Amino acid sequence: MNLILICLTVTSILLQINAQILFARKTPDYSFKSKTISELAERNAPQGPAVRVFFFLPQALLLWGLAYCLYVQNPLLETVSILISLTGTGYFVATFFPCDKGSPIWGTISNRIHNLGGTFEYIGAVGGFLWFSYLELAPYSRVQHTLSMLLGIIILLAFFGMATQSLRPIRGIIQRIAEGCIFIWFLAMSFY
Numbered sequence: 000m001n002l003i004l005i006c007l008t009v010t011s012i013l014l015q016i017n018a019q020i021l022f023a024r025k026t027p028d029y030s031f032k033s034k035t036i037s038e039l040a041e042r043n044a045p046q047g048p049a050v051r052v053f054f055f056l057p058q059a060l061l062l063w064g065l066a067y068c069l070y071v072q073n074p075l076l077e078t079v080s081i082l083i084s085l086t087g088t089g090y091f092v093a094t095f096f097p098c099d100k101g102s103p104i105w106g107t108i109s110n111r112i113h114n115l116g117g118t119f120e121y122i123g124a125v126g127g128f129l130w131f132s133y134l135e136l137a138p139y140s141r142v143q144h145t146l147s148m149l150l151g152i153i154i155l156l157a158f159f160g161m162a163t164q165s166l167r168p169i170r171g172i173i174q175r176i177a178e179g180c181i182f183i184w185f186l187a188m189s190f191y
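Quick note: the sequence shown uses numbering that gives the first Met the number 0, first residue 0, plus one each step.
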């Protein structure tokens with residue numbers, strides 16, 4: 000069991016939940032069901048700068064810290080750690096490049112860069128999880144390897160689901176499932 004990894008993961012989860020609840024209350028017409036996390040800080044949102052500085056930036060740093068701790072825990076996971084660090088990169092990019100209102104796929108340059116950061120986040124998670132499941136390294140259990148494959152597939156499906164127009168009414172739920180998979184994976188990696 001890696002206590003540092005557990006503490007960082009729990010801190011990251013608490014930040015994720017509490018920041019979303021806090022800032023959603025301050026955002027008129029915000030729906031966890033249909034709105035993405037990024038829409039809490041969309042361009043010209045009154046609380047946008049606070050969301051970016053007090054939620055996105057710390058979350059990026061925590062996710063990078065988690066990826067580094069994973070590498071320190073087992074240097075054979077270097078490639079996995081690099082891919083997983085892209086989850087933090089997604090939040091870091093969101094700190095400086097807010098999405099447009101409604102978080103469209105295209106939109107302004109800032110929105111496109113924002114979405115590119117999100118693409119890095121999810122592709123990094125999928126790649127890292129699937130690579131880990133392929134490695135089958137000791138001291139990790141068969142359950143951790145199988146869970147990694149399952150979570151990677153869920154995130155991949157969620158990634159495409161968020162971009163599917165017919166699923167737009169539940170895009171917020173889809174994104175939160177993908178984000179939840181990332182945190183479940185880090186918790187699972189804390190126990191070996």
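Quick reminder that beta carbons are idealized off the backbone N, C-alpha and C, glycines included.
Fair warning: this is a prediction, and the values are worked out from it, not measured in the lab.
The three-state secondary structure of GLU41, taken from DSSP, is coil. Collapsing the DSSP output to three states places CYS180 in a helix.
DSSP, reduced to helix, strand and coil, places ALA66 within a helical segment of the structure shown. Per the C-alpha coordinates, the member of ILE12, THR86, LEU65 and GLY101 positioned closest to ALA44 is GLY101. Excluding its 5 nearest sequence neighbours in each direction, GLU38 has C-beta neighbours in its own chain below 6 Å: SER102, listed in chain order.
By the CB criterion at 7 Å, PHE91 and ALA59 fall inside the cutoff. For TYR133, the enclosing alpha helix (DSSP H) has its first and last residue at 108 to 134. DSSP, read as helix, strand or coil, puts GLY171 in helix.
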